[in-house]
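If you're matching positions, the sequence shown starts at 7 in our numbering and goes up one per residue. Glycine included, each C-beta is placed from N, C-alpha and C at the ideal position.
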Amino acid sequence: MSRTPIQVPIELKEELEDLKRELHCSSLPDVIVRLIQDRNRNAEIRKEEQKKNEAERARQNREDVNLGEERKLRLIEFQNEIGLASEGETIDFLMEVFRSTPQIGMNAFKAYVKLRG
Numbered sequence: 007m008s009r010t011p012i013q014v015p016i017e018l019k020e021e022l023e024d025l026k027r028e029l030h031c032s033s034l035p036d037v038i039v040r041l042i043q044d045r046n047r048n049a050e051i052r053k054e055e056q057k058k059n060e061a062e063r064a065r066q067n068r069e070d071v072n073l074g075e076e077r078k079l080r081l082i083e084f085q086n087e088i089g090l091a092s093e094g095e096t097i098d099f100l101m102e103v104f105r106s107t108p109q110i111g112m113n114a115f116k117a118y119v120k121l122r123g
């Protein structure tokens, strides 16, 4: 690599000297190269983290149901009352009951109408 001199303020040169010792570099240009390499590596890490976060958001959109805190607490309370092991089992149970019941009671129908708004 060819070299060319650059002028920097004395304060910056002093900081580079400190970094030279801290990073165990042999020269100031080596410090600059190392800082650039670290910046590039950090940019790659950020891209990887962003991809992971996007993948996690996509997974959540595919798999999760947003109940809100109050509904989730009610679901867990109901789950405990009927003795099922998970929220998923409780939802499966409720859907099966709904599908297999030929008629629903008037109170359930009123709750449905209320929820439909």
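For ASP70, no alpha helix (DSSP H) encloses it, and the DSSP letter there is neither H nor E. Taking the CA atoms as reference points, LYS53 sits about 26 Å from LEU25. Annotation for GLU21: no residue places its beta carbon closer than 7 Å to its own, counting only its chain and skipping 5 residues before and after. Here VAL37 is buried, its C-beta having at least 16 other C-beta atoms within 10 Å. When secondary structure is reduced to three states using DSSP, VAL14 falls in the coil class, being assigned neither helix nor strand.
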